[in-house]
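Notes to accompany the following structure.
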Amino acid sequence: MDSKTRLLNALTGKPVDRTPVNFYEIGGFAVNPDDPDPFNVYNDPSWRPLIELAEQETDLIRMVKPKLIPAGDNCRDEFFRETIEERDGARYTHVEVHIGGKTLTETRRRDVGVDTIWQVEHLLKGPEDARAFLELPDEAFAFDPDVSAVLEKEDALGNRGLVMVDTEDPLCAAAALFSMEDYLTMAFMEPALFHQLLQKFARIIYPRIEKIATAVPGRLWRVYGPEYASEPYLPPSLFREFVY
36 MDSKTRLLNA
46 LTGKPVDRTP
56 VNFYEIGGFA
66 VNPDDPDPFN
76 VYNDPSWRPL
86 IELAEQETDL
96 IRMVKPKLIP
106 AGDNCRDEFF
116 RETIEERDGA
126 RYTHVEVHIG
136 GKTLTETRRR
146 DVGVDTIWQV
156 EHLLKGPEDA
166 RAFLELPDEA
176 FAFDPDVSAV
186 LEKEDALGNR
196 GLVMVDTEDP
206 LCAAAALFSM
216 EDYLTMAFME
226 PALFHQLLQK
236 FARIIYPRIE
246 KIATAVPGRL
256 WRVYGPEYAS
266 EPYLPPSLFR
276 EFVY
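Quick note on numbering: the sequence shown equals residues 36 to 279 in this note's numbering.
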């Protein structure tokens with residue numbers, strides 16, 4: 036039994052020749068250990084045996100995000116400015132959002148040799164920033180998904196495994212705009228306002244998911260975000276509101 040059949044059978048409750056073995060993110064992403072980019076942690080020789088083990092012996096589940104193409108009415112450039120700089124062994128991404136006479140700022144940092152993006156400054160710092168963000172027209176987030184990457188990676192995998200379409204949910208998109216403490220404060224103290232952010236992202240994300248699912252039906256999906264409302268962060272009542 037090949038890996039693709041084994042995984043499909045396991046996921047649908049059918050008999051398998053053995054339990055599938057998957058290393059999740061090791062083999063979950065197609066990496067290049069020969070890329071000399073200093074921000075590519077996988078070119079360190081210590082990674083190669085594990086990468087080869089995953090590629091050759093495990094049942095692969097390759098995570099893939101469809102590319103997003105600006106839709107015809109996209110007006111993102113009217114509001115968003117992004118710059119990237121490298122200094123002191125780090126890559127900084129600076130984002131500015133100009134809306135209603137207010138400027139919202141965000142900074143992300145990626146260090147050489149570390150496969151983590153640190154959120155140095157979050158875009159939204161409180162209720163007033165959230166209200167400003169809500170003034171952004173939905174057209175600033177108008178993108179159409181291109182599923183060609185899903186099909187290309189699926190063809191490349193062959194019988195070695197499955198592709199898994201990757202997406203955030205509205206809660207993830209909204210909560211990640213804040214630091215964890217500011218997000219929790221918003222959720223408890225301004226639930227109606229925070230719910231407006233969820234509604235905004237639902238209008239953006241759900242049609243996109245519908246288009247992807249229609250274009251490539253029957254694929255495995257990973258949806259992340261509900262953990263933001265799990266205990267001990269939020270009570271079950273807010274989990275039901277923010278996730279259900």
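Where a beta carbon is used, it is the ideal one built from N, C-alpha and C, also for glycine.
With fewer than 16 other CB atoms across the displayed protein chains lying within 10 angstroms of its CB, Ser-272 is exposed. The Cβ-Cβ distance between Phe-178 and Asn-109 falls below 8 Å. The Cβ-Cβ distance between Ala-165 and Arg-145 does not fall below 8 Å. In this structure Pro-73 is in contact with Val-147, their Cβ atoms being roughly 5 Å apart against a cut-off of 8 Å. Residue environment analysis places Gly-62 among the buried positions, since at least 16 neighbouring C-beta atoms fall within 10 angstroms of its C-beta.
Residue state for Ala-191 is assigned as helix, using DSSP reduced to three classes. For Ala-264, there is no enclosing alpha helix (DSSP H), as DSSP marks it with neither H nor E. Setting aside the 5 residues that flank it on each side, Val-278 is surrounded in the same chain by Leu-206, Pro-261 and Ala-264, each with a C-beta closer than 7 Å to its C-beta; the list follows chain order. In this chain, the alpha helix (DSSP H) harbouring Arg-238 covers 226-250.
Counted as a single uninterrupted DSSP element, the beta strand (DSSP E) harbouring Thr-138 occupies residues 137-146. Secondary structure note for Ala-65: it is in no alpha helix (DSSP H), with a DSSP letter that is neither H nor E. The beta carbons of Leu-42 and Pro-55 sit closer together than 8 Å. Judged by DSSP secondary structure, Arg-122 falls within the beta strand (DSSP E) whose first and last residues are 115-122.
In this structure, the alpha-carbon of Ala-167 lies about 9 Å from that of Thr-138.
In the structure shown, Val-185 adopts helical secondary structure according to DSSP, grouped into three states.
In this structure, the CA atom of Trp-82 is about 21 Å from the CA atom of Leu-192. By the neighbour-count criterion, in which 16 or more other beta carbons inside 10 Å mark a residue as buried, Asp-204 falls on the buried side.
A check of alpha carbon separations from Ala-184 across Met-199, Asp-70, Leu-232 and Pro-80 identifies Met-199 as the nearest. The beta carbon of Leu-46 sits closer than 8 Å to the beta carbons of Leu-255 from its chain, once the five residues preceding and following it are set aside; these are given in chain order. Rounded to the nearest whole angstrom, the CA to CA distance from Leu-103 to Pro-68 is 26 Å. Boundaries of the beta strand (DSSP E) harbouring Pro-105: 102-105, taken from the DSSP string. Only exposed fits Thr-249, as fewer than 16 other CB atoms lie within 10 angstroms of its CB.
Going by DSSP, Leu-159 is part of no beta strand (DSSP E) at all; its letter is neither H nor E.
Leaving aside the five residues that flank Pro-242 on each side, none in its chain has a CB nearer than 6 Å to its CB.
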